Amino acid sequence: MADDAAERRDGRPEATAYDEIEESRAVRPYTMTRGRTRPGHIDLPLEALVRAVSTDAVGSATSERRRILELSTATVQSVAELSAHLRLPLGVVRVLVGDLAEEGLVVVHTQKDQTPQSNLKVLESVLNGISSL
Amino acid sequence: MAFPHSDVAAPEARDGAAQEAPGGVAPITVKIVVAGGFAVGKTTFIGSISDIEPLSTEAAMTEHSVGVDDAGGVSDRKTNTTVAMDFGRIALPGDLWLYLFGTPGQDRFHFMWDDLVKGAIGAVVLVDTDRLESCFEAVDYFEARQIPFVLAVNCFDGVAKHGIEDVREALAVRAEVPMFYTDARSRQATKQALITLVTLAMSRMQA
Chain A
9 MADDAAERRD GRPEATAYDE IEESRAVRPY TMTRGRTRPG HIDLPLEALV
59 RAVSTDAVGS ATSERRRILE LSTATVQSVA ELSAHLRLPL GVVRVLVGDL
109 AEEGLVVVHT QKDQTPQSNL KVLESVLNGI SSL
Chain B
373 MAFPHSDVAA PEARDGAAQE APGGVAPITV KIVVAGGFAV GKTTFIGSIS
423 DIEPLSTEAA MTEHSVGVDD AGGVSDRKTN TTVAMDFGRI ALPGDLWLYL
473 FGTPGQDRFH FMWDDLVKGA IGAVVLVDTD RLESCFEAVD YFEARQIPFV
523 LAVNCFDGVA KHGIEDVREA LAVRAEVPMF YTDARSRQAT KQALITLVTL
573 AMSRMQA
């Protein structure tokens, strides 16, 4: 795979059908983020939950941004779930979600600013919750 | 759920338990890492208790290729290597979502582990007694970082081939590290493994 990618950048003229599949899965996502591999100003753990604020902007969004907005309108979605459903690498989803958050199109919920006391309370709830399953 | 403009399938909760919180408040998310060697049963373990069918996400090595890619020294060459990671989700009372993340199996993917364990309650390390060495790196990793972990010896076909204390000795883990038999296919056994881990994490926090 690595060699294929290198050759393609070297200007190999014709792409086979196999190459095109690889392209859609591995090369194009980074085009999508314009080469960025980190979100701008936001910490996005795998389990951070994303919710679309409004679908008004959906029409003008690129297809990947549109899918994120659509999925996170129906129900709140973790970064990991968005990555799985969109079949895009985590890094790409993080950049796209980071952009959408900066533009105010999605809200990101993370468990920041937890005190040890509140963490312990959460663990108690987790323990009781699992026990009741 | 309808997605008129998308061909992406709506995520479905297997039992409908995981629903959007009322009033636009997001659930509290917590996570537990499920580690162990290749094919030890991590995804089976996750699937035995997850509300959703385990999902798979991937990270591309491209993001970290410099200094990590073992293709030979420092290079700016982009590679397409990806590393897959399976995960599941359990909705718990009190608007809590517990995520279970399986670790990718090879140590050159430790950059993913760092991402995974950040903020995690702890880890369940699945042990295959036929391939004990396959869980060494997980044990080393969690010990070195003082992350709470338990060792769950997966009994394939319900047969315990080795005594727990023999396994403990072979792994050279301290007596304080909880170790027990499990069956990755069994919801009850998985539940018990998670309870043991959370109890350990709480006792560490209170210590």
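Top line first, the protein sequences correspond to chains A and B.
Number 141 marks the last residue of the first sequence (the working numbering); no jumps.
Number 579 marks the last residue of the second sequence (the working numbering); no jumps.
Yeah, the Cβ is synthetic: ideal placement off N, Cα and C, and Gly gets one too.
Remember, predicted model here, so these are calculated numbers, not experimental data.
* Asked: At a cut of 8 Å, does the stretch 541 to 549 of chain B reach the stretch 519 to 526 of chain B through at least three beta carbon pairs?
  -> Yes, since at least three Cβ pairs between the stretch 541 to 549 of chain B and the stretch 519 to 526 of chain B fall closer than 8 Å, the two stretches touch.
* Any idea if Lys414 (chain B) is buried or exposed, counting beta-carbon neighbours within 10 angstroms, 16 or more meaning buried? -> Residue numbering aside, residue 414 (chain B) sits at position 42 when the second sequence is read from its first letter. Buried.
* Asked: Quick one: is Thr568 (chain B) buried, meaning 16 or more other Cβ sit within 10 Å of its Cβ, or exposed?
  -> Sequence index remark: in the second sequence, residue 568 (chain B) carries index 196 (1-based). Buried, since its Cβ has 16 or more Cβ neighbours within 10 Å.
* Leu113 (chain A) at chain B interface by Cβ criterion, 7 Å -> Here residue 113 (chain A) corresponds to residue number 105 of the first sequence, with the count starting at 1. No, no contact with chain B.
* Could you work out which residues of chain A lie near Thr401 (chain B), taking near to mean beta carbons separated by less than 9 Å? => On the second sequence, residue 401 (chain B) is found 29 positions in, with the first residue counted as 1. Around Thr401 (chain B), the beta-carbon contacts reaching into chain A at under 9 Å are Pro53, Glu55, Ala56, Leu57, Ser86, His117, Thr118, Gln119.
* What span of residues does the alpha helix (DSSP H) with Val402 (chain B) cover, start to end? -> Within the second sequence, the letter at position 30 stands for residue 402 (chain B). Segment 400 to 408 is the beta strand (DSSP E) holding Val402 (chain B); no alpha helix (DSSP H) there.
* Three or more beta-carbon pairs under 8 Å between the stretch 43 to 59 of chain A and the stretch 104 to 113 of chain A, yes or no? -> Yes: at least three Cβ pairs fall under 8 Å.
* **Thr429 (chain B) - DSSP class collapsed to helix/strand/coil** => Within the second sequence, residue 429 (chain B) is the residue found at index 57, counting from 1. If DSSP states are grouped into helix, strand and coil, Thr429 (chain B) belongs with the strands.
* Can you find a CB in chain A that lies within less than 7 Å of the CB of Gly444 (chain B)? -> Reading the second sequence from its first residue, position 72 is the one you call residue 444 (chain B). Because the pLDDT at Gly444 (chain B) is just 45, under 50, the model does not fix this residue reliably, and the value given afterwards should be weighed accordingly. Taking Cβ atoms only, chain A never reaches closer than 7 Å to Gly444 (chain B), which makes this a no.
* Given Gln564 (chain B), which residues of its chain have a CB within under 8 Å of its CB, disregarding the five upstream and five downstream residues? -> Indexing the second sequence from 1 puts residue 564 (chain B) at position 192. Within the same chain, Gln564 (chain B) has close Cβ partners Phe552, Thr554.
* What's the C-alpha gap between Ser86 (chain A) and Leu77 (chain A)? -> The sequence position of residue 86 (chain A) within the first sequence is 78, counting from 1. The sequence position of residue 77 (chain A) within the first sequence is 69, counting from 1. Using only the alpha carbons, I get a separation of about 12 Å.
* Asked: Among residues of its own chain, excluding the 5 on either side of Met457 (chain B), which ones have a beta-carbon nearer than 8 Å to its beta-carbon?
  -> One-based indexing of the second sequence puts residue 457 (chain B) at position 85. Once the five neighbours on either side are set aside, the close Cβ partners of Met457 (chain B) are Ser428, Thr429, Glu430, Ala431, Phe473, Gly474, Thr475, Pro476, Met484, Leu488.
* Determine, using beta carbons only, whether Arg59 (chain A) and Val66 (chain A) come nearer to each other than 7 Å. => Sequence index remark: in the first sequence, residue 59 (chain A) carries index 51 (1-based). Sequence index remark: in the first sequence, residue 66 (chain A) carries index 58 (1-based). No, Cβ-Cβ distance for Arg59 (chain A) and Val66 (chain A) is not below 7 Å.
* **Contacts that Ala69 (chain A) makes with chain B (C-beta to C-beta distance below 9 Å)** => The residue given as residue 69 (chain A) occupies position 61 in the first sequence. For Ala69 (chain A), none of the residues of chain B pass the 9 Å Cβ criterion, the least Cβ distance being about 10 Å.
* Asked: Buried or exposed: which applies to Phe459 (chain B), given that a residue is buried once 16 or more other Cβ atoms fall within 10 Å of its Cβ?
  -> Residue mapping note: residue 459 (chain B) aligns to position 87 of the second sequence, counting from 1. That one is buried.
* Asked: Ordered along the chain, which non-local residues of its own chain (more than five positions away) have a Cβ less than 8 Å from that of Arg517 (chain B)?
  -> Counting from 1 along the second sequence, the entry for residue 517 (chain B) is found at position 145. Excluding sequence neighbours, Arg517 (chain B) sits near Val489.
* To do: Could you name each continuous beta strand (DSSP E) segment of 3 residues or more that falls completely within the stretch 489 to 551 of chain B, going from the start of the chain to the end?
  => Here the runs fully enclosed are 494 to 499, 521 to 526.
* **Cβ neighbours of Val116 (chain A) in the same chain (closer than 6 Å, five flanking residues each side left out)** => Within the first sequence, residue 116 (chain A) is the residue found at index 108, counting from 1. Taking C-beta separations shorter than 6 Å and ignoring five residues to either side along the sequence, the partners of Val116 (chain A) in its chain run Ala56, Val58, Ala109, following chain order.
* Asked: To which residues of the same chain is Thr81 (chain A) closer than 7 Å at the C-beta, ignoring the five residues directly before and after it?
  -> Translated into positions along the first sequence, residue 81 (chain A) becomes position 73. Here the set comprises Ala60, Thr63.
* 6 Å Cβ shell around Ile29 (chain A) - same chain, five flanking residues per side excluded -> For the purposes of this step, residue 29 (chain A) is identified with residue 21 of the first sequence, where counting begins at 1. Reliability of the predicted coordinates at Ile29 (chain A) is poor, the pLDDT of 41 falling under 50, and the value obtained from them is presented with this limitation in mind. The beta carbon of Ile29 (chain A) sits closer than 6 Å to none of the beta carbons in its chain outside the five residues before and after it.
* Quick one: what's Ile462 (chain B) bridged to in DSSP? -> Taking the second sequence and counting its residues from 1, the one referred to as residue 462 (chain B) is at position 90. For Ile462 (chain B), the beta-bridge partners assigned by DSSP are B:Leu470.
* Asked: Which stretch, first to last residue, makes up the alpha helix (DSSP H) that contains Arg75 (chain A)?
  -> As a first step, residue 75 (chain A) is located in the first sequence; it is residue number 67 there, counting from the start. DSSP places Arg75 (chain A) in the uninterrupted alpha helix (DSSP H) bounded by 71 to 82.
* Have a look at A:Gly99, A:Pro97, A:Lys129, A:Glu89 and flag the residue whose alpha-carbon is nearest the alpha-carbon of Ile424 (chain B). => In the second sequence, counting from the first residue as 1, residue 424 (chain B) sits at position 52. Here the closest residue by C-alpha is A:Glu89.
* Can you list, in chain order, the residues of its chain whose CB lies under 6 Å from that of Ala407 (chain B), leaving out five sequence neighbours each side? -> By 1-based counting over the second sequence, the position of residue 407 (chain B) is 35. The residues are Thr475, Ala495, Val497, Ala510.
* Would Gly535 (chain B) be called buried (16 or more neighbouring beta carbons within 10 Å of its own) or exposed? -> Counting from 1 along the second sequence, the entry for residue 535 (chain B) is found at position 163. Residue environment analysis places Gly535 (chain B) among the exposed positions, since fewer than 16 neighbouring C-beta atoms fall within 10 angstroms of its C-beta.
* **Whole-Å CB distance - Asn127 (chain A) paired with Met577 (chain B), under 8 Å assumed** => As a working note, residue 127 (chain A) is residue 119 in the first sequence. As a working note, residue 577 (chain B) is residue 205 in the second sequence. Asn127 (chain A) to Met577 (chain B), Cβ: 7 Å. Contact.
* Any Cβ of chain B within less than 7 Å of the Cβ of Val134 (chain A)? -> Mapped onto the first sequence, residue 134 (chain A) falls at position 126. With 7 Å as the cut-off, Val134 (chain A) counts as an interface residue toward chain B.
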